[in-house]
Structures are given as C-alpha cells and as structure tokens.
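J.: Residue numbers (this note's numbering): 411 to 681.
All C-beta atoms, glycine included, are put in the ideal place defined by N, C-alpha and C.
Please see the structure below; I have some questions.
Pasting the structure below:
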C-alpha cells in the first residue's frame, strides 16, 4: 500500500536511476562512496564477538572484518541492554537453515544427518515441510517427510549436516506440499471462566493463554475462544489444568476427552 510519495515505485525508480549506481561491489552516491558512521563500525565490531556471527559469517569474512575494524572501539552492550528472563535456547547453524529453507521454497528433497535422543547418528533422505517452535520446550524443530511417508520432527540443534537433492519420487513432494496447506488449519477450543472464589483475578486467566490467538466472547460466564494447532494440544491442556475446577472446557469434545484421560492417569498414580 502506498502511504506517501517516498515509497511510491515511481519515486524509488527515479531515486535509483538519478542517485544510486553499482560499481562492482561498491555502492556509491553522487557525493562519493558511502562511509559508515563510527557507531555503525562499533556495532559491527561487537557483533563479530557473538555466537550468531560465528554461524552467519565464514571464517575468512570474519577475519577480514576484524582487520578492517581493528582501530574501531567496541560497543559496550551493557550500557544499553538489560536481560530479563532470557530462555536458554541454542542458536541453530544458519548455513544449513538456508539450505532447508531453499529446499522448501523449491520443493526439493534433503539428505539429513542428525543425532537421536539416544545419541545415535542417522543419515536419511526426505522432504522438508516446515519449521516448528515448541512453546513449552523453547526449542526449534524441522518437520520433514520420510520416504516411507512417516512425518519426522527433529530438533534443529541435533542436526549435523544438510544437503539439498532432487527426489526421484515426486509423490513425496506432493504429500509434503499438501501437508503444508493443511497445516494452516487451526483447531478451536472454548473455555469458560468459573471462579469458585470471588477474589480470584481474571487477569491471570487471560494471561495464561496469551501464547495463543484468543477471542473473548460476550457471554456469562466469561468464555474465551482459543485457536491452536494439533501439536499444541498438550501445551494447551497444561495451561487449563493450572486452574483446576475454575475453568471448564466447553468445546471441542476431543479436548474434553483428552483432559479426562489426563485426570484418570493422574488419579491412578495415587491408587
């Protein structure tokens, strides 16, 4: 959507023709080569010391930048940032993330080498479907389809090597594509807020489901509509269980049955 002349295609095309041109790898303007500010140089030098830079940049590129930035001061992050409740999530290797994304875009297969929970190293072929983030485990996964049509979910931090390849079986690619389309369909649950004590804070109830897409219904008692994916069902149930008898599952029946089975298993532990 064009909101001003400055992001109009005609304006940007004129700007590119009149003021910007490329000469090799050097971006220049009428006034001469672009020179980064001292603050930008300091930021870049500090960025080179982070884990993500090690994964993103090759060793040769990092060494060249370190030489170019040897006279620039480092940016002291502590003066600007305060870390609070940072989850300890591992940073996946960016190089193989690019290969997986490329395979998804081009509908290609991958040759995946990964480590299992038991420590065994496996090397298999398949078709990548999508990246999935588990809210409860704070961990990224790649979901992919094996040649025997089974869907695998592998943590990104356990992947050792990725290679793109052309799959001879085109039906596997079609199944992966269909899975991506069906993945966009959310399930819907409705839960009711039924506090047993008058002093119970409803804000705690509202905040508990903030990780999901929710809608409050205009009803009495207060009901909340929650949209979730199939693989998020266990996480949703864990949030509902926090409130015990104060929250009632109105729908769907499948979620009510899953909660009932969970309660039965919990009771059996005390028998």
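If you reduce the DSSP assignment to three classes, tell me which class residue 605 lands in.
T.: If you number the chain shown from 1, residue 605 lands on position 195. Of the three classes helix, strand and coil, the one that applies to residue 605 here is coil, per DSSP.
J.: Here's the rule: buried if 16 or more other CB atoms are within 10 angstroms of the residue's CB, otherwise exposed. What is residue 536?
T.: Numbered from 1 along the chain shown, position 126 holds the residue referred to as residue 536. With 16 or more other Cβ atoms inside 10 Å of its own Cβ, residue 536 counts as buried.
J.: Quick one: using the 10 Å Cβ neighbour count with 16 as the cut-off for buried, is residue 676 buried or exposed?
T.: Here the question's residue 676 lines up with position 266 in the chain shown. The residue in question, residue 676, is exposed, as its Cβ has fewer than 16 Cβ neighbours within 10 Å.
J.: Can residue 566 and residue 552 be called in contact, C-beta distance under 8 Å?
T.: Within the chain shown, residue 566 is the residue found at index 156, counting from 1. Within the chain shown, residue 552 is the residue found at index 142, counting from 1. For residue 566 and residue 552, yes; Cβs fall inside 8 Å.
J.: Mapping the DSSP letters down to three states, classify residue 538 as helix, strand or coil.
T.: Residue mapping note: residue 538 aligns to position 128 of the chain shown, counting from 1. It is a strand residue.
J.: Count the other C-beta atoms from every protein chain shown that fall within 10 angstroms of the C-beta of residue 529, then say buried if there are 16 or more, exposed otherwise.
T.: Here the question's residue 529 lines up with position 119 in the chain shown. Looking at its Cβ environment, which holds fewer than 16 other Cβ atoms inside 10 Å, residue 529 is exposed.
J.: So what does DSSP say about residue 573, is it helix, strand or coil?
T.: Residue mapping note: residue 573 aligns to position 163 of the chain shown, counting from 1. Residue 573 falls in the strand class under three-state DSSP.
J.: Report the option in 527, 538, 599 whose CA atom is closest to the CA atom of residue 667.
T.: The residue given as residue 667 occupies position 257 in the chain shown. Checking every option, the nearest Cα to that of residue 667 belongs to 599.
J.: Does the count of Cβ pairs from the segment 613-632 and the segment 644-663 closer than 8 Å reach three?
T.: yes
J.: Could you check what DSSP says for residue 610 in three-state terms: helix, strand or coil?
T.: As a first step, residue 610 is located in the chain shown; it is residue number 200 there, counting from the start. In this structure, residue 610 counts as coil in the three-state DSSP scheme.
J.: Would you kindly check if the distance between the Cβ of residue 585 and the Cβ of residue 626 is under 8 Å?
T.: For the purposes of this step, residue 626 is taken as the residue at position 216 of the chain shown. For the purposes of this step, residue 585 is taken as the residue at position 175 of the chain shown. No, they are not a contact pair.
J.: What is the DSSP secondary structure of residue 623, reduced to helix, strand or coil?
T.: Position 213 of the chain shown holds residue 623. DSSP places residue 623 in strand when its eight states are reduced to three.
J.: With DSSP run on the structure shown, which of helix, strand or coil describes residue 543?
T.: For the purposes of this step, residue 543 is identified with residue 133 of the chain shown, where counting begins at 1. Strand at residue 543.
J.: What residue does the alpha helix (DSSP H) around residue 650 start on, and which one ends it?
T.: Translated into the one-based positions of the chain shown, residue 650 becomes position 240. Where residue 650 is concerned, the enclosing alpha helix (DSSP H) stretches over 643-651.
J.: Would you say residue 637 and residue 623 are within 8 Å of each other, going by their C-beta atoms?
T.: For this step, residue 637 is matched to residue 227 along the chain shown. For this step, residue 623 is matched to residue 213 along the chain shown. Against a cut-off of 8 Å, the Cβ pair of residue 623 and residue 637 comes out as a contact.
J.: Taking the Cβ atom as the reference point for each residue, do residue 569 and residue 506 lie within a distance shorter than 8 Å?
T.: Against the chain shown, residue 569 aligns to sequence position 159. Against the chain shown, residue 506 aligns to sequence position 96. Taking 8 Å as the cut-off, the Cβ atoms of residue 569 and residue 506 count as close.
J.: If contacts are defined as beta-carbon pairs under 8 Å, then residue 602 and residue 639 qualify, I think. What distance do you get, rounded to the angstrom?
T.: Start at 1 with the first residue of the chain shown, and residue 602 comes out as number 192. Start at 1 with the first residue of the chain shown, and residue 639 comes out as number 229. Incorrect: roughly 22 Å between the Cβ atoms, too far for contact.
J.: Taking residue 659 as part of the beta strand (DSSP E), name the residues at either end of that continuous run.
T.: Counting from one through the chain shown, the residue named residue 659 turns up at place 249. From DSSP, the beta strand (DSSP E) with residue 659 extends over 657-661.
J.: Does the distance from the CB of residue 572 to the CB of residue 520 come in under 8 Å?
T.: Translated into the one-based positions of the chain shown, residue 572 becomes position 162. Translated into the one-based positions of the chain shown, residue 520 becomes position 110. For the 8 Å CB-CB criterion, residue 572 and residue 520 form a contact.
J.: May I ask you to list the residues that DSSP assigns as paired with residue 532?
T.: Taking the chain shown and counting its residues from 1, the one referred to as residue 532 is at position 122. Its beta-bridge partners are 524.
J.: Would you mind working out which of 671, 513, 558 sits nearest residue 541, comparing C-alpha positions?
T.: Your numbering for residue 541 matches position 131 in the chain shown. Residue 541 has its Cα closest to that of 513, out of 671, 513, 558.
J.: Give the range of the alpha helix (DSSP H) segment to which residue 462 is assigned.
T.: In the chain shown, the residue the question calls residue 462 occupies position 52. 461-466 is the extent of the alpha helix (DSSP H) around residue 462.
J.: Run through DSSP, which three-state label would residue 677 get?
T.: As a working note, residue 677 is residue 267 in the chain shown. Residue 677: helix per DSSP, three-state reduction.
J.: Report all residues from its chain with a CB closer than 6 Å to the CB of residue 428; omit the five preceding and five following residues, and keep chain order.
T.: In the chain shown, counting from the first residue as 1, residue 428 sits at position 18. Because the pLDDT at residue 428 is just 49, under 50, the model does not fix this residue reliably, and the point stays unresolved.
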